[in-house]
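Peer 1: At the far end of the sequence shown sits residue 543, using the numbering used here, and the numbering has no gaps. Every residue, glycine too, gets a C-beta built ideally from N, C-alpha and C. For clarity, every value in this text was computed on a predicted model and none was experimentally measured. Take a look at this one; I'll ask things after.
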Amino acid sequence: MLGGGVWLFACGLVGSAVLRAADPVENREVLVYADGDRVRGKLVERSDGVLIFQSEKFGLLRVPVSEATVEKGDRSAVVKALGSAAAAKPAVAAAEKAGEDGAKPENGEKEPTGGWAQFSPYALTQAVREFFGPWHGRIAFSTEIANDVTDRTNTTAEVRLKRKWSNDEVEGIARYDFAQSAEVTTKDVARLSGLWRRDFPRKFFGVYRPTLEWNRASKRPNGASSDYLLVQQEIGAGLNVLASRERKLRVGVSENFFDVWVTAPASDRTSETSGSTFAEVEWSLPWRIQLTERGVWYPPFKNKLNGWENRIELNKKLTETLSVALRHETRQNNPDERVRDYSMLRMLVGLDF
Numbered sequence: 191m192l193g194g195g196v197w198l199f200a201c202g203l204v205g206s207a208v209l210r211a212a213d214p215v216e217n218r219e220v221l222v223y224a225d226g227d228r229v230r231g232k233l234v235e236r237s238d239g240v241l242i243f244q245s246e247k248f249g250l251l252r253v254p255v256s257e258a259t260v261e262k263g264d265r266s267a268v269v270k271a272l273g274s275a276a277a278a279k280p281a282v283a284a285a286e287k288a289g290e291d292g293a294k295p296e297n298g299e300k301e302p303t304g305g306w307a308q309f310s311p312y313a314l315t316q317a318v319r320e321f322f323g324p325w326h327g328r329i330a331f332s333t334e335i336a337n338d339v340t341d342r343t344n345t346t347a348e349v350r351l352k353r354k355w356s357n358d359e360v361e362g363i364a365r366y367d368f369a370q371s372a373e374v375t376t377k378d379v380a381r382l383s384g385l386w387r388r389d390f391p392r393k394f395f396g397v398y399r400p401t402l403e404w405n406r407a408s409k410r411p412n413g414a415s416s417d418y419l420l421v422q423q424e425i426g427a428g429l430n431v432l433a434s435r436e437r438k439l440r441v442g443v444s445e446n447f448f449d450v451w452v453t454a455p456a457s458d459r460t461s462e463t464s465g466s467t468f469a470e471v472e473w474s475l476p477w478r479i480q481l482t483e484r485g486v487w488y489p490p491f492k493n494k495l496n497g498w499e500n501r502i503e504l505n506k507k508l509t510e511t512l513s514v515a516l517r518h519e520t521r522q523n524n525p526d527e528r529v530r531d532y533s534m535l536r537m538l539v540g541l542d543f
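Laid out in structure tokens, this is it:
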């Protein structure tokens, strides 16, 4: 009798453990990114073209529907544990639930409400998302402070906003670069740039890119100051060679209008126009890595020199909130000779929203 009771008790424990393990797997869903990465959890809400997904490891995720899909969890583990070939019921309750628990961090933790908790990455991201609504973007920062033979400071701050529709994409970027060496300012540049791209049938698209650059630490080759304000407008058209979610390749031609105001030491204004060709790449790699590049070539119409610009960035999402990027930029032989050439390699840490 005692042996039979022990066996019944043991079987009861095993059965209850199996049933408890079966329920989470039955209700589990999988968020599948365009690059193949998979995250387990539950779909909380689908609204305004955004999937709100409560993951098991990364907390609350907000992903555009164009970048991921939601699949039902694998039920084979449940079937094997129960010793039955019957499939588990579909998990739809989480999708019908309109975000009752989705705004809370994972593992039953309370939302940060006061003290230093309100400055956590999660709290900051939620505040920024509520402020910008359907707009997505990144706030990035990079700095270097060195004390050796000379004291040096090099800082970059950038804010990026982007929004996509079915045929249109709008983006705005504000950036400020500052560098100082031995208490002498060597870089003081504020830059605003925008983008409006519209897709047309047969893979064609049109693009408009305005840029404003204010350089207050520019110098000529002879060392004389030459601060300037540059306004560039690019109007172009091109072809979407590749247009999948994982890989995008665009090529096109543009006409560029340059207006340059020299602000110091004496005021002056010049205007130039130049044609250009460009190529753009957006590549989704495994492990949530994104590669983007844009190259522009200016034929030698005006100054008999080939002008070109290139920007390449490798971005890695550490979490849904934090990312790190390695970026290289260069500009050589701008059609207006007074615009400063430069090359820059920088690592940035960003807060995504």
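#1: Please list the terminal residues of the continuous beta strand (DSSP E) segment that includes E436.
#2: Is N500 near G485, with beta carbons less than 7 Å apart?
#3: Output the distance between the C-alpha atoms of Q370 and K393, rounded to the nearest integer angstrom.
#4: On the DSSP bridge list, what partners appear for V240?
#5: Smallest Cα separation from S457: which of P324, W487 and S415?
#6: Once DSSP output is grouped into helix, strand and coil, what is the label at F322?
#7: Quick check on the DSSP output: the beta strand (DSSP E) that includes D531 runs from which residue to which?
#8: Using 7 Å as the threshold, is the C-beta distance between V452 and Y418 below it?
#9: Go ahead and pull the three-state DSSP assignment for A313.
#10: Using the DSSP secondary-structure output, state which residues sit across from V471 in a beta bridge.
#11: Apart from the five residues on each side of it in sequence, which residues of its chain come closer than 6 Å, Cβ to Cβ, to P400?
#12: Nearest to E472 by CA position, among V349, I502 and D542, is which residue?
#13: Please report the distance separating the alpha-carbon of G327 from that of V240.
#14: What does the alpha-carbon distance come out to for the pair V529 and T509?
#15: State yes or no: is the C-beta of Q522 within less than 7 Å of the C-beta of W487?
#16: At what residues does the beta strand (DSSP E) containing E348 begin and finish?
#17: Name the DSSP beta bridge partners of S245, please?
#18: With H, G and I counted as helix, E and B as strand and the rest as coil, what does DSSP make of K507?
#19: Take the Cβ of F321 as the centre, count every other Cβ of all protein chains shown within 10 Å, and call the residue buried at 16 or more, exposed below.
#20: By Cβ distance, which residues of its chain are closer than 6 Å to D531, with the 5 residues on each side in sequence left out?
#21: Note down, in chain order, each residue of its chain lying with its Cβ closer than 8 Å to the Cβ of T333, except the 5 sequence neighbours on either side.
Peer 2: With the structure as the only source:
#1: E436 -> no beta strand (DSSP E), and no H or E assigned at all.
#2: yes
#3: 46 Å
#4: For V240, which the question treats as bridged, DSSP gives the partners S237 and P254.
#5: Nearest C-alpha to S457: S415.
#6: helix
#7: No beta strand (DSSP E) holds D531; DSSP gives it neither H nor E.
#8: yes
#9: In this structure, A313 counts as helix in the three-state DSSP scheme.
#10: L439 and E483
#11: In its chain, beyond the 5 residues on either side, G384 and Q423 have a beta carbon closer than 6 Å to the beta carbon of P400.
#12: Considering only alpha carbons, the answer is I502.
#13: Going by the C-alpha atoms only, they are around 14 Å apart.
#14: 39 Å
#15: For the 7 Å CB-CB criterion, Q522 and W487 do not form a contact.
#16: D341 to K354
#17: G231
#18: DSSP, reduced to helix, strand and coil, places K507 within a strand of the structure shown.
#19: Here F321 is exposed. Its C-beta has fewer than 16 other C-beta atoms within 10 Å.
#20: For D531, where only same-chain residues beyond five positions count, the Cβ hits under 6 Å are R521 and Q522.
#21: T343, N344, T345 and T346
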